[in-house]
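Counting from 1, one number per residue, gives the positions in the sequence shown under full-length UniProt numbering. Single-structure report; data block below.
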Amino acid sequence: MEVAAHFVNDSVEFYKWSLTISDKRVEKWPMMSSPLPTLAISCLYLLFLWAGPRYMQDRQPFVLRKTLIVYNFSMVVLNFYIAKELLIASRAAGYSYLCQPVNYSEDENEVRIASALWWYYISKGVEFLDTVFFILRKKFNQVSFLHVYHHCTMFILWWIGMKWVPGGQAFFGAGINSSIHVLMYGYYGLAALGPQIQKYLWWKKYLTIIQMVMIHLNTFFVIGSLSASLIFITVLIITSHTSINIKPKAWYILYIHQDLIPSLLLCLLYFPRNVILIHSDT
Numbered sequence: 001m002e003v004a005a006h007f008v009n010d011s012v013e014f015y016k017w018s019l020t021i022s023d024k025r026v027e028k029w030p031m032m033s034s035p036l037p038t039l040a041i042s043c044l045y046l047l048f049l050w051a052g053p054r055y056m057q058d059r060q061p062f063v064l065r066k067t068l069i070v071y072n073f074s075m076v077v078l079n080f081y082i083a084k085e086l087l088i089a090s091r092a093a094g095y096s097y098l099c100q101p102v103n104y105s106e107d108e109n110e111v112r113i114a115s116a117l118w119w120y121y122i123s124k125g126v127e128f129l130d131t132v133f134f135i136l137r138k139k140f141n142q143v144s145f146l147h148v149y150h151h152c153t154m155f156i157l158w159w160i161g162m163k164w165v166p167g168g169q170a171f172f173g174a175g176i177n178s179s180i181h182v183l184m185y186g187y188y189g190l191a192a193l194g195p196q197i198q199k200y201l202w203w204k205k206y207l208t209i210i211q212m213v214m215i216h217l218n219t220f221f222v223i224g225s226l227s228a229s230l231i232f233i234t235v236l237i238i239t240s241h242t243s244i245n246i247k248p249k250a251w252y253i254l255y256i257h258q259d260l261i262p263s264l265l266l267c268l269l270y271f272p273r274n275v276i277l278i279h280s281d282t
């Protein structure tokens, strides 16, 4: 019990300390003052994953055609806006596509990027509806472990990203992902219009190819960033207060999450000496 109490106390103190180095620009933005709303929504999502299939077990699946049309095309608009804002603002700010540090200034373009990333974070919460609609339509086979893992962790991790590192290299993964989601939700929206439109959706198979290209692009830029400074391992295994500056490092938690297994394997194979040295320092 003493060990557990000590761990809880250290965790609380660490969180209080971490708030002192969070980005002051976003602390009064909706959902950003506390992690509790994000955690509560995530818990409700997990609760629905348990209760939803049981509720639908002896019921007919919902059709939800009109709902899906509105939802999918709304997501097209939202993701297009995010991708557009990130592209325009990052180019205006002269961002590097390989390794861009976070700029915490009140510069117009930096705030614009942070705002677009906030909308990206919000979109991760809205995407919980993907799972809700699958369950209400009794498409339980679509609710795989990877589907749930992706949706649940992205929302929480992007709250962390917005709290401490709303900018910098975050723009690239979010921009690429939003661009792909424009195509993906566009396809789902068109498919929901009915058979008269579905016959023109021959390009569905290319969506998977594009998504695979996106994964490899993200992995490439992750490794490129890490080759400049292999600091993500320190953040992943940190357990207590240190003199380490968390702010420029926390982004790698989010970035590695996108392609966790391939990125870690590549890093462990390509940078074994650096990983060992960093691990020993902690």
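Glycine is no exception: its CB is placed at the ideal position from the N, C-alpha and C atoms.
Beta-carbon contacts of residue i that lie in its chain and below 6 Å, excluding the five residues immediately before and after
{"i": "Ile-82", "result": "Ala-116, Trp-119, Tyr-120 and Ser-178"}
{"i": "Trp-17", "result": "none"}
{"i": "Ser-11", "result": "none"}
{"i": "Met-214", "result": "Ile-176 and Ile-180"}
{"i": "Ala-89", "result": "Asn-109, Arg-112 and Ile-113"}
{"i": "Trp-158", "result": "Tyr-121 and Lys-124"}
{"i": "Leu-36", "result": "none"}
Same chain only: Cβ atoms within 8 Å of residue i, ignoring 5 sequence neighbours per side
{"i": "residue 283", "result": "Absent from the model: residue 283. The displayed extent of the chain is 1 to 282, so no value can be given."}
{"i": "Phe-140", "result": "Pro-53 and Phe-134"}
{"i": "Leu-136", "result": "Gly-52, Met-56, Pro-61, Phe-62 and Leu-64"}
{"i": "Leu-78", "result": "Trp-119, Ser-123 and Val-126"}
Residue span of the alpha helix (DSSP H) that contains residue i, given as start and end
{"i": "Trp-158", "result": "145-164"}
{"i": "Asp-23", "result": "First-last for Asp-23: undefined, no H or E at that position."}
{"i": "Pro-37", "result": "36-56"}
{"i": "Asn-9", "result": "2-19"}
{"i": "Gly-173", "result": "170-191"}
{"i": "Trp-203", "result": "Unbroken run through Trp-203: none, as it is neither H nor E."}
{"i": "Ala-92", "result": "65-92"}
{"i": "Tyr-121", "result": "108-126"}
{"i": "Pro-195", "result": "195-198"}
Alpha carbon of residue i to alpha carbon of residue j, nearest angstrom
{"i": "Tyr-149", "j": "Trp-202", "result": "29 Å"}
{"i": "Tyr-71", "j": "Val-182", "result": "12 Å"}
{"i": "Thr-208", "j": "Lys-199", "result": "18 Å"}
{"i": "Glu-13", "j": "Glu-85", "result": "37 Å"}
{"i": "Tyr-185", "j": "Ser-34", "result": "30 Å"}
{"i": "Thr-20", "j": "Asn-218", "result": "30 Å"}
{"i": "Ile-69", "j": "Met-32", "result": "30 Å"}
{"i": "Gln-170", "j": "Ser-96", "result": "The amino acid at residue 170 is misidentified as Gln; the sequence shows Ala. Between Ala-170 and Ser-96, the C-alpha separation is close to 11 Å."}
{"i": "Leu-47", "j": "Ala-40", "result": "10 Å"}
{"i": "Phe-145", "j": "His-216", "result": "21 Å"}
{"i": "Glu-106", "j": "Ile-122", "result": "22 Å"}
{"i": "Gly-194", "j": "Leu-49", "result": "28 Å"}
{"i": "residue 316", "j": "Lys-28", "result": "No answer is possible for residue 316: it lies beyond the span of the chain, which begins at 1 and ends at 282."}
{"i": "Ala-4", "j": "Ala-174", "result": "37 Å"}
{"i": "Ile-160", "j": "Gln-196", "result": "44 Å"}
{"i": "Arg-59", "j": "Met-75", "result": "28 Å"}
{"i": "Thr-153", "j": "Glu-2", "result": "30 Å"}
{"i": "Lys-7", "j": "His-147", "result": "Rather than Lys, the amino acid found at residue 7 in this sequence is Phe. So the alpha carbons of these two residues sit roughly 32 Å apart."}
CB of residue i within 8 Å of CB of residue j, strictly
{"i": "Gly-189", "j": "Phe-73", "result": "yes"}
{"i": "Arg-25", "j": "Val-111", "result": "yes"}
{"i": "Pro-166", "j": "Ala-114", "result": "yes"}
{"i": "Phe-155", "j": "Thr-38", "result": "yes"}
{"i": "Ile-180", "j": "Ile-210", "result": "yes"}
{"i": "Lys-163", "j": "Ser-42", "result": "no"}
{"i": "Tyr-187", "j": "Lys-204", "result": "yes"}
Close Cβ partners of residue i (< 7 Å) along its chain, the five nearest in sequence each way excluded
{"i": "Arg-65", "result": "Ala-192"}
{"i": "Pro-248", "result": "At Pro-248 the pLDDT is 39, less than 50, meaning the model places this residue with poor confidence and gives no usable figure here."}
{"i": "Lys-138", "result": "Met-56 and Pro-61"}
{"i": "Phe-80", "result": "Val-182"}
{"i": "Leu-87", "result": "Gly-175"}
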